Amino acid sequence: MALFDISLPPSIAKALRLPGKSPERQQRRVLKKLLTKARFTEFGQQFHFDEILLKKHPWEEYKNRVPLFDYNKIYKDWWQKTLEGKPDICWPGKIKFFALSSGTSEAASKYIPITTDLMRGNRIIMIKQLLSLRTYHDIPVRSIGKGWLMLGGSTDLEKGPGYYSGDLSGITAKKAPFWFSPFYKPGKKIAKTKDWNNKIDAIVEGAPNWDISFVVGVPAWIQMCMEKIIEKYKLNTIHDIWPNL
């Protein structure tokens with residue numbers, strides 16, 4: 000049984016080169032790729048990924064051999080080593096970025112490793128998703144080349160000993176491909192702002208100067224931003240200022 004039994008729309012499945020009718024098979028394939036990539040790490044050696052891959056049903060063997068971890072356990076046993084700069088712990092190479100999540104009773108923040116391979120994969124998926132927009136009949140092709148408002152955390156990341164940390168959305172925006180810069184809003188200066196209220200105020204001030212066609216972010220953040228824009232400029236809807244949205 001698949002972890003998530005989801006049937007993707009044909010246009011998205013085609014653009015991402017995913018089999019639209021077999022999520023279980025696709026997830027098993029991904030698991031084997033991950034095990035193969037990580038088999039020489041400390042984690043992979045501890046739980047014998049190389050032996051798991053030799054089994055007829057490696058996904059079943061993986062469930063039997065690798066225990067479930069809560070955050071505190073996996074951080075104490077494994078991820079803490081990556082913060083110390085040690086390579087090849089749970090994934091090949093050093094971890095240079097950590098996403099900060101909400102804290103626990105034992106720690107003010109959770110440090111989630113963000114690997115170079117993960118960021119590269121996200122960029123590839125981003126490109127494929129952009130290309131998939133051409134298959135939607137109700138989205139004009141010209142809209143793709145207009146402004147993309149990305150609401151997220153600050154791109155001004157905290158510098159640690161050998162790594163950077165911050166909100167995942169801030170890391171993603173900071174590492175966006177260079178060719179996306181002409182379309183990216185609110186721009187690098189506003190994106191660095193750490194105070195959320197100041198960032199929203201700056202976006203509201205800049206809104207009349209942008210031709211936004213897509214908005215990306217947490218729905219609650221998007222709603223708050225749009226409500227402030229509508230209130231500031233006494234609009235009926237957000238389309239009065241961004242007709243191509």
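Numbered per numbering that gives the first Met the number 0, the sequence shown spans residues 0 to 244.
Using N, Cα and C, we set each Cβ at its ideal position, and we do this for glycine too.
Quick caveat: nothing in here was measured; it's all calculated off a predicted structure.
To the nearest angstrom, report how far apart residue i and residue j are at their CA atoms.
| i | j | result |
| --- | --- | --- |
| K233 | K188 | 26 Å |
| Y183 | G146 | 6 Å |
| G151 | D166 | 8 Å |
| G205 | Y74 | 41 Å |
| D76 | M125 | 33 Å |
| D200 | Q44 | 50 Å |
| M243 | S142 | Residue 243 is actually Asn in this sequence, not Met. So the alpha carbons of these two residues sit roughly 7 Å apart. |
| G169 | M223 | 19 Å |
| D239 | P181 | 23 Å |
| R122 | T35 | 22 Å |
| Q79 | F68 | 14 Å |
| L132 | I138 | 7 Å |
In terms of residue numbering, what span does the alpha helix (DSSP H) encompassing residue i cover?
| i | result |
| --- | --- |
| E226 | 218-232 |
| Y74 | Where Y74 is concerned, there is no enclosing alpha helix (DSSP H), given that its DSSP letter is neither H nor E. |
| S212 | Here S212 belongs to no alpha helix (DSSP H); instead the beta strand (DSSP E) covers 211-215. |
| S164 | Looking at the DSSP string, S164 is not in any alpha helix (DSSP H); the run it does join, the beta strand (DSSP E), is 162-165. |
| W178 | Per DSSP, W178 belongs to no alpha helix (DSSP H) and is neither H nor E. |
| W241 | Note, W241: premise wrong, no alpha helix (DSSP H); not H, not E. |
| F42 | 41-45 |
| D246 | An answer regarding residue 246 cannot be provided, because it is not within the stretch 0 to 244 covered by the chain. |
Ignore the nearest five residues each way along the sequence and tell me which others in residue i's own chain have a CB closer than 6 Å to its CB.
| i | result |
| --- | --- |
| A1 | Only weak support is given to the placement of A1: the predicted model assigns it a pLDDT of 46, under 50, and the value that follows is read from those uncertain coordinates. These residues qualify, in order along the chain: P22, E23, Q26. |
| F3 | In this prediction, F3 has a pLDDT of 46, which is less than 50 and means its spatial position is unreliable; what the coordinates show is noted afterwards. Excluding sequence neighbours, F3 sits near nothing in its chain. |
| F46 | R64, V65 |
| A175 | none |
| T81 | I88, I94, P112 |
| K109 | Y70, S100 |
| L148 | K184, I211, V214 |
| I228 | V203, A206 |
| W209 | G146, K184 |
Going by beta carbon distance, what residues of the same chain come within less than 8 Å of residue i, once the five residues before and after it are set aside?
| i | result |
| --- | --- |
| K54 | E60 |
| G161 | G84, K93, K95 |
Please indicate yes or no: does the CB of residue i lie closer than 7 Å to some heavy atom of the ligand ZN?
| i | result |
| --- | --- |
| K127 | Because no ligand of any kind appears in the structure shown, any question about the ligand ZN cannot be addressed here. |
Output the residue ranges of the alpha helix (DSSP H) runs that lie fully inside the region 83-158 and measure 4 residues or longer, sorted by chain position.
-> Along the region 83-158, the alpha helix (DSSP H) occurs as fully enclosed runs of 4 or more residues at 115-131, listed in sequence order.
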